[in-house]
Amino acid sequence: MLGQWVLADVMHLPGGGLGLLAAGAGVWLISRGSSTPQFKTPQSEQEWIDRCRQVLDQFDHFEHGPSLNSEERHASLQRVISRDGPQRLGVVCVQGTSMPEVAQLERAMAGNEPVILSMAHPLAVSDGQRCWPEGLRDQDVLLHVLKAPLMAADLLWLQQLPDDQPAWLLVDGLMGDEEAFVSQLPERWKEHLLIRKEGVDLRRCVQPLRLACRSAASNRSATRRRMLADLHRRWQSDLESLRRRRFQSLQQRTQWIVAASVMASPVASVDLLAVAVANGLMIRDMAQIWGCQLSADVMKESAGVLARAALAQGVVEWSSQMLFSLAKLDGGAWLAAGAMQALSAAYLTRVVGRAMADWLALNAGVAQPDLDLLKREAPLLVARAAQDERLDWSGFMQQSRQWLLHPAS
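Residue numbers for the sequence shown follow our numbering, so the first one is 9 and each next one is one higher.
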C-alpha cells in the first residue's frame, strides 16, 4: 500500500498496483546496487584480431557451423592479418584538378622505405553524396591534391574523409595569403599540409610526407588495425539480422513469463521480484546474443536507465489506455483486471527489451556502452522502440489473445 501511494501520488503513475508493477518491471531490482562500469576498447592489433575471431565464432554459432560465407569471412581476416610489404600511398584529387605525373611523384617519394603509388580516379559526387571510395581504405596514407583557391566543394570533400584515415594535402597554385588559406582548413589538415609554390621542386615540397613514411612498420600496423575495425563493423551489421531473430524469440518468451507471474501473484512485492528476475534473465541472455562481455552491474544499470525513460515517456499509461479501450470494445470477455496488469507489464518488458537491443546493437563488439551517453540517448532509444511496438500493437494483441486463451501453449 505504501508503494502504491508513493508511485500514484509522488511519481504520478496511474493505476496504483499497476504503476507499482510497471516500475518494478524495469527499475526496482535492476537499477539498485550498480557501480561505475569500466569499459575496454581494442587498442592493439592483436586485440582487434581476437575481437574479430570472437565475431567469427558468433557467426558459426548463429549459422550452426561453417559455411561458404564463413570461409570467405575467415579468408578476409587472414588477408588483413597477412598484409605486409611496401607502404601504399593513394593519390587522389577532385574532377578538374591535375595530379603530378607518376614518375615525378615516384622520384619525389624515393627514400629508405619503398612506397607503392596508387593513382585513384578523380573523386565524384554520386547520387548527391560525397563519399570517399572504399578502395582507398587499404592505403597506408592518402595524398589529396588540391588546386587553390579553396572552394566550398573542396571543404565538403575534406570533411567527409574518415578521421582514422591518414592523409596529407598537396596544394598547388596558391597565389594569395598563405595564412588566410590555412585558416579555412579543418584542424586535422593544418599539420598535414604541403604547399607547392611556384618554382619549388616537388621532392622538397613533399619532404614532411616522406619523413612520415619512414615509420613503415608502425604505419602498416595502423592500417591493419583500421582494416580490422572496418571488417568488424561490417560483420556486426551482418550479424544484426541474425541476432534480431534470436532476440524476438527471447522477447516473446520473457514477456509472457512476466505476464504469467503477475497474473498468478496476489501480492505486489512478489510481482516485483518475479518481474525483476525475469527481466534480469532476459538481459543476461541478450548480452550473450550480442556477444557483450558485460558485468551484471553494467547490464542492470543500462536496463534501469531505459526502464526509467520508458516510464517517463508514459509507455505504461499508453498501453493501459489501449487495453481499457479494447476491453470496452470487446466486452471485456478476455481482458479481466488481472489480465490488464499482466499485459501492461508484458508490454513494458517488450519496449525496454527492444530499446536495450538497439543499444547493444550500437555497441556490440566495438566499445562497451558508455552509460553517460546512454542516459542522454535513452529517451530517443525508448521513443523509437515504443513507436515500433505501437506500430506492431495489433501483433502484440493477437499474441495476447492467444496467450490468455491458451496459457499452456
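Quick reminder that beta carbons are idealized off the backbone N, C-alpha and C, glycines included.
Which first and last residues belong to the beta strand (DSSP E) in which residue i is found?
| i | result |
| --- | --- |
| leucine 158 | Neither: leucine 158 is in no beta strand (DSSP E) and is coded neither H nor E. |
| alanine 175 | 175-180 |
| valine 99 | 95-101 |
| arginine 145 | No beta strand (DSSP E) holds arginine 145; DSSP gives it neither H nor E. |
| serine 126 | 123-127 |
| leucine 418 | Lying before the first or after the last residue shown, residue 418 is absent from the chain, which here runs from 9 to 417. |
Cβ of residue i within 8 Å of Cβ of residue j?
| i | j | result |
| --- | --- | --- |
| arginine 254 | isoleucine 291 | no |
| leucine 154 | aspartate 162 | yes |
| alanine 132 | glutamine 173 | no |
| aspartate 171 | leucine 97 | no |
| valine 99 | leucine 113 | yes |
| alanine 350 | methionine 294 | no |
| proline 122 | proline 157 | no |
| valine 88 | arginine 232 | yes |
| serine 84 | aspartate 68 | no |
| glutamine 168 | cysteine 213 | no |
| proline 194 | leucine 166 | yes |
| proline 108 | leucine 210 | yes |
| alanine 267 | alanine 363 | no |
| lysine 198 | valine 208 | no |
| arginine 228 | aspartate 65 | no |
| threonine 262 | alanine 230 | no |
| glycine 299 | glutamine 51 | no |
| leucine 289 | phenylalanine 70 | no |
| glycine 361 | glutamine 259 | yes |
| alanine 224 | histidine 200 | no |
| alanine 111 | glutamate 248 | no |
Residue range of the alpha helix (DSSP H) that residue i falls in?
| i | result |
| --- | --- |
| methionine 117 | 110-117 |
| leucine 131 | Run containing leucine 131: none; DSSP gives neither H nor E here. |
| aspartate 209 | Where aspartate 209 is concerned, there is no enclosing alpha helix (DSSP H), given that its DSSP letter is neither H nor E. |
| leucine 64 | 53-71 |
| serine 191 | 186-191 |
By the three-class DSSP mapping on this structure, what secondary structure does residue i have?
| i | result |
| --- | --- |
| leucine 151 | strand |
| glutamine 167 | helix |
| glutamine 137 | strand |
| arginine 196 | helix |
| asparagine 77 | helix |
| glycine 299 | coil |
| serine 352 | helix |
| threonine 105 | coil |
| arginine 87 | helix |
| aspartate 92 | coil |
| methionine 364 | helix |
| aspartate 305 | helix |
| methionine 183 | coil |
| valine 359 | helix |
| aspartate 172 | coil |
| proline 50 | coil |
| methionine 294 | helix |
| glutamine 215 | helix |
Does the ligand COA have a heavy atom nearer than 7 Å to the CB of residue i?
| i | result |
| --- | --- |
| leucine 368 | Questions concerning the ligand COA fall outside what the structure shown contains, since it holds no ligand whatsoever. |
*In the segment 220-287, which residue ranges form an unbroken beta strand (DSSP E) of at least 3 residues, counting only runs that do not cross its ends?*
Taking only runs of at least 3 residues, no beta strand (DSSP E) segment lies wholly in the segment 220-287.
*Is there contact here, the segment 239-247 with the segment 133-146, by at least three beta-carbon pairs under 8 Å?*
The answer is no - the segment 133-146 does not touch the segment 239-247, with fewer than three Cβ pairs under 8 Å.
*Okay, do the segment 204-223 and the segment 116-125 touch, 3+ Cβ pairs below 8 Å being the bar?*
yes
*Do the segment 52-63 and the segment 188-208 meet, that is, are 3 or more Cβ pairs less than 8 Å apart?*
These segments do not touch.
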